[in-house]
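A.B. asks: Residue numbers (our numbering): 46 to 325. Yeah, the Cβ is synthetic: ideal placement off N, Cα and C, and Gly gets one too. Just so you know, these numbers come straight off a predicted model, no measurement behind them.
#1: Look at the Cβ atom of residue 109, then the Cβ atom of residue 119, and state whether they are nearer than 8 Å.
#2: Can you check the region 91 to 133 for any beta strand (DSSP E) of at least 3 residues that lies completely inside it and give the ranges in chain order?
#3: Can you tell me which of the three DSSP states residue 151 falls into?
#4: Is residue 353 helix, strand or coil when you go by DSSP?
#5: Per the contact definition of three or more C-beta pairs closer than 8 Å, is the region 273 to 293 in contact with the region 187 to 198?
#6: Would residue 116 pass as a contact of residue 164 if the rule is Cβ separation under 8 Å?
#7: Span of the alpha helix (DSSP H) holding residue 62?
#8: Should the region 202 to 210 be regarded as contacting the region 167 to 176, the criterion being three or more beta carbon pairs within less than 8 Å?
#9: Is it true that the region 63 to 71 meets the region 143 to 162, where meeting means three or more beta-carbon pairs spaced less than 8 Å apart?
#10: Looking at the strands, I want to know which residues DSSP matches up with residue 259.
#11: Please give the ranges of any alpha helix (DSSP H) in the region 169 to 219, keeping only runs that are unbroken, at least 4 residues long and fully inside the region.
#12: Determine the DSSP secondary structure at residue 78, reduced to helix, strand or coil.
#13: Whose C-beta lies closer than 8 Å to the C-beta of residue 317 among residues of the same chain, with five residues either side of it excluded?
#14: Once you ignore the five residues that flank residue 197 on each side, which residues in its own chain have a CB closer than 6 Å to its CB?
#15: Classify residue 321 as buried or exposed, calling it buried when 16 or more other Cβ atoms lie within 10 Å of its own Cβ.
#16: Taking only the alpha-carbon atoms, compute the straight-line gap between residue 113 and residue 107 and give it to the nearest angstrom.
#17: Is it right to say residue 181 is buried, meaning 16 or more other beta carbons lie within 10 angstroms of its own, or is it exposed?
#18: Just to confirm, is the Cβ distance from residue 152 to residue 127 under 8 Å?
#19: To the nearest angstrom, how far is the alpha carbon of residue 258 from that of residue 51?
#20: Using the C-alpha atoms, what's the distance from residue 87 back to residue 215?
#21: According to DSSP, which residues form a beta bridge with residue 309?
#22: Compare the Cα-Cα distances from residue 195 to each of 84, 75, 242 and report the closest residue.
#23: Measure from the alpha carbon of residue 253 to the alpha carbon of each residue in 302, 186, 240, then state which is nearest.
#24: Tell me which same chain residues have a C-beta within less than 6 Å of the C-beta of residue 325, skipping the five on either side of it?
#25: Using beta-carbon positions only, say whether residue 309 and residue 301 come within less than 8 Å of one another.
#26: Between residue 284 and residue 220, what straight-line distance do the alpha-carbon atoms span, to the nearest angstrom?
#27: Can you look up residue 144 in the DSSP assignment and give me helix, strand or coil?
#28: Using the rule of at least 16 other Cβ atoms within 10 Å of the residue's Cβ for burial, across every protein chain shown, is residue 205 buried or exposed?
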């Protein structure tokens, strides 16, 4: 599933190419991917509108229109948003297509059809997508050690599970929670109420550092993004723990282990991330 760094890369690649373009036509082949309002109104309302900006909130992308209307998208597990020439072969499972006046087409494909769109008219409150209930943006100054401790220190849940709580911190998923905890030297199974002040401080420092690192490493040109069909995120070579169970830790050489937390696999180094905070 695309997480914050991947969604941010999509925004940075697409925005310069669609900003100022007018949506000439909109077609939806799978009405269920438009969660609000309905597919017919979605197409009618967006036709003729001019694109002003594209923003990101957690894992949500929002296209802001000059009129004040906007539409948001969540890619979920397999969604892909790609800007292509009109003669580009239509990918299987393409469900939404925006024809722009710059000669390009913005296409959304999703094999599993979990991705969703929401259209909001000017001044309409977003009570539909769930974006309004998201927690702090992890790349902003509001994410501090004090915020993390206040949000989680009473919880007896594993800290890994807390990092995945979108209502507390927006955009972190399974991949980067593993990488963040490794960088902060915190075991993923540690309960949040067992963390020390120093560990909260390390987490607050490592969360934006790790996310920004992977945004930088995953940067691509529009040409590379198109060639990779919007799915070549390029993070694998830089992952230090995620997906590396049984391999040696890149820091100490200890064999990396895997556990399951809240139904998600978690890879960690038993030496660099001791279960007992006092053992380091």
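C.D. replies: According to the structure shown:
#1: In this structure, residue 109 sits away from residue 119, with a CB-CB distance that is not shorter than 8 Å.
#2: 96 to 102, 105 to 110, 115 to 119, 125 to 129
#3: strand
#4: Residue numbering for the chain in the displayed model covers 46 to 325; residue 353 lies beyond these limits and cannot be assessed.
#5: no
#6: In this structure, residue 164 lies closer than 8 Å to residue 116 by Cβ.
#7: Bounds of the alpha helix (DSSP H) holding residue 62 are 49 to 63.
#8: no
#9: Cβ pair count under 8 Å is three or more, so yes.
#10: Bridge partners of residue 259: none, in fact.
#11: 190 to 197, 204 to 208
#12: helix
#13: 227, 230, 294, 296, 297, 299
#14: 207, 237
#15: exposed
#16: Spanning the two alpha carbons is a distance of roughly 12 Å.
#17: buried
#18: yes
#19: 12 Å
#20: 27 Å
#21: 306
#22: 242
#23: Answer by Cα proximity: 186.
#24: At residue 325 the pLDDT is 43, less than 50, meaning the model places this residue with poor confidence and gives no usable figure here.
#25: At the C-beta level, residue 309 and residue 301 stay beyond 8 Å of one another.
#26: Going by C-alpha positions, residue 284 is about 9 Å away from residue 220.
#27: strand
#28: buried
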